[in-house]
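Here's the structure, in structure tokens; my notes come after.
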Amino acid sequence: MTRLASIHLRPVKSLGGVDVDRAEVEPWGLRHDRRWLVLRPDGGKLGSTALPALLGLTAALGPGSIALTARDGSSLTVTEPVDGPPVATDVSRLDTVRLAADEAHDWLSARLGRPVRLAWLDDPRRRPMSAEHGGGPGDPLNLSDAGPLLLTTAPSLRRLRDWIVEGALERGEPAPEPLAMARFRPTVVLDGPFEPFAEDGWTHVRIGAVDFRVSERCDRCSVTLIDPETLASGNEPIRTLARHRRHDGKTWFGIRLVPVTTGEIRVGDPVAVS
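Whatever position you read off the sequence shown (first residue = 1), add 48 for this note's numbering.
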């Protein structure tokens, strides 16, 4: 039986997140997922491609707040700035976000080694999903780049790992450690008795009692080259995806989902696809 194997919440875009046993699906994505982001002083967004150190910080949920944690064990609780000052940003299809308290900016700046600010999206309904990425009229979006949820599958990762090992042996290199699914920063991961990359052909997914439509396949960027544990960069998985999964000048892994209905999903839920 195909089932929901894991759920991953990342409250702050480009930071590490937390694995959860259940999550509430809202029209713009999972509740609390990607509602915060790190900005440059001029309001421009900062991502882990430009600043890999973001991946070394973790954001977890609290009541009306998030808890930021660095790898040195230091932490800070930041309350949702419901009355925070609005600041202009270059996030696509969004004019402003609300700034967190100065304490959050100072804490993050000290750990990232450059001046930054932390901001919060108060209402995802203010940001429409792009039609270019499969958004329909009225589809809202959190601070994700292109779609409310990203789905990946265990069979596809197992096949990719096999390809990576085969390539290494062909080059006379030792087999590398298995690639972690965290490289792809999925929201939900499925496992079951289906073929690798079967998800390429899906148009609808039902997880438990919640329905989703597939908006598009996910093209992969250089963030996947950064090991989220060591923050070191390498050639995988893009090198191997370019060999086996290159179409239209891009490499592909995973699919993006748009909620059709809302409700709770839980790890272990049965999944139906069509």
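The C-beta atom is built at its ideal place from N, Cα and C for all residues, glycine as well.
All values reported here derive from a predicted model rather than from experimental measurement.
Rounded straight-line distance, which links the Cα of residue j to that of residue i
{"i": "residue 88", "j": "residue 61", "result": "14 Å"}
{"i": "residue 157", "j": "residue 320", "result": "44 Å"}
{"i": "residue 63", "j": "residue 171", "result": "20 Å"}
{"i": "residue 275", "j": "residue 225", "result": "11 Å"}
{"i": "residue 216", "j": "residue 287", "result": "11 Å"}
{"i": "residue 209", "j": "residue 173", "result": "38 Å"}
{"i": "residue 66", "j": "residue 79", "result": "13 Å"}
{"i": "residue 277", "j": "residue 119", "result": "10 Å"}
{"i": "residue 109", "j": "residue 115", "result": "6 Å"}
{"i": "residue 74", "j": "residue 213", "result": "39 Å"}
{"i": "residue 165", "j": "residue 127", "result": "14 Å"}
{"i": "residue 178", "j": "residue 219", "result": "41 Å"}
{"i": "residue 112", "j": "residue 125", "result": "10 Å"}
{"i": "residue 202", "j": "residue 239", "result": "5 Å"}
{"i": "residue 241", "j": "residue 134", "result": "48 Å"}
{"i": "residue 316", "j": "residue 68", "result": "12 Å"}
{"i": "residue 54", "j": "residue 303", "result": "15 Å"}
{"i": "residue 77", "j": "residue 187", "result": "10 Å"}
{"i": "residue 283", "j": "residue 180", "result": "29 Å"}
{"i": "residue 297", "j": "residue 122", "result": "42 Å"}
{"i": "residue 144", "j": "residue 280", "result": "33 Å"}
Best match in the options for proximity to residue i [C-alpha to C-alpha]
{"i": "residue 141", "options": "159, 162, 191 and 125", "result": "191"}
{"i": "residue 248", "options": "255, 231 and 267", "result": "267"}
{"i": "residue 272", "options": "227, 220 and 207", "result": "227"}
{"i": "residue 159", "options": "289, 99, 314 and 173", "result": "99"}
{"i": "residue 132", "options": "117, 167 and 122", "result": "167"}
{"i": "residue 84", "options": "59, 108 and 69", "result": "59"}
{"i": "residue 285", "options": "265, 230, 250 and 255", "result": "230"}
{"i": "residue 205", "options": "81, 243 and 169", "result": "243"}
{"i": "residue 234", "options": "165, 193, 221 and 240", "result": "193"}
{"i": "residue 117", "options": "188, 107 and 280", "result": "107"}
{"i": "residue 129", "options": "122, 151 and 143", "result": "151"}
{"i": "residue 289", "options": "245, 53 and 222", "result": "245"}
{"i": "residue 200", "options": "294, 122 and 300", "result": "300"}
{"i": "residue 148", "options": "222, 169 and 280", "result": "169"}
{"i": "residue 308", "options": "222, 223, 185 and 280", "result": "185"}
{"i": "residue 295", "options": "282, 283, 281 and 265", "result": "265"}
{"i": "residue 94", "options": "72, 162 and 256", "result": "162"}
{"i": "residue 155", "options": "322, 250 and 86", "result": "86"}
{"i": "residue 250", "options": "322, 256, 136 and 49", "result": "322"}
Range covered by the alpha helix (DSSP H) that runs through residue i
{"i": "residue 192", "result": "Counting along the chain, residue 192 falls outside any alpha helix (DSSP H), and DSSP gives it neither H nor E."}
{"i": "residue 134", "result": "First-last for residue 134: 134 to 136, but that is the beta strand (DSSP E), not the alpha helix (DSSP H)."}
{"i": "residue 314", "result": "Where residue 314 is concerned, there is no enclosing alpha helix (DSSP H), although the beta strand (DSSP E) it sits in stretches over 311 to 314."}
{"i": "residue 155", "result": "150 to 160"}
{"i": "residue 274", "result": "Segment: none, residue 274 is in no alpha helix (DSSP H) and carries neither H nor E."}
{"i": "residue 292", "result": "286 to 292"}
7 Å Cβ cutoff met for residue i and residue j
{"i": "residue 311", "j": "residue 237", "result": "no"}
{"i": "residue 211", "j": "residue 153", "result": "no"}
{"i": "residue 105", "j": "residue 96", "result": "no"}
{"i": "residue 305", "j": "residue 260", "result": "yes"}
{"i": "residue 195", "j": "residue 270", "result": "no"}
{"i": "residue 318", "j": "residue 146", "result": "no"}
{"i": "residue 183", "j": "residue 138", "result": "no"}
{"i": "residue 70", "j": "residue 254", "result": "no"}
{"i": "residue 189", "j": "residue 175", "result": "yes"}
{"i": "residue 90", "j": "residue 57", "result": "no"}
Residue i - partner residues in DSSP beta bridges
{"i": "residue 108", "result": "115"}
{"i": "residue 56", "result": "67"}
{"i": "residue 80", "result": "DSSP lists no partner for residue 80."}
{"i": "residue 262", "result": "305"}
{"i": "residue 320", "result": "254"}
{"i": "residue 127", "result": "113"}
{"i": "residue 198", "result": "304"}
{"i": "residue 72", "result": "312"}
{"i": "residue 267", "result": "300"}
{"i": "residue 87", "result": "93 and 165"}
Boundaries of the beta strand (DSSP E) in which residue i is found, first to last residue
{"i": "residue 305", "result": "298 to 307"}
{"i": "residue 235", "result": "It is not in any beta strand (DSSP E) - residue 235 carries neither H nor E in the DSSP assignment."}
{"i": "residue 213", "result": "Not the beta strand (DSSP E): residue 213 falls in the alpha helix (DSSP H), residues 202 to 218."}
{"i": "residue 144", "result": "144 to 147"}
{"i": "residue 167", "result": "165 to 168"}
Proximity test, Cβ basis, 7 Å: residue i and chain D
{"i": "residue 178", "result": "Looking for chain D here will not work: only one protein chain is present."}
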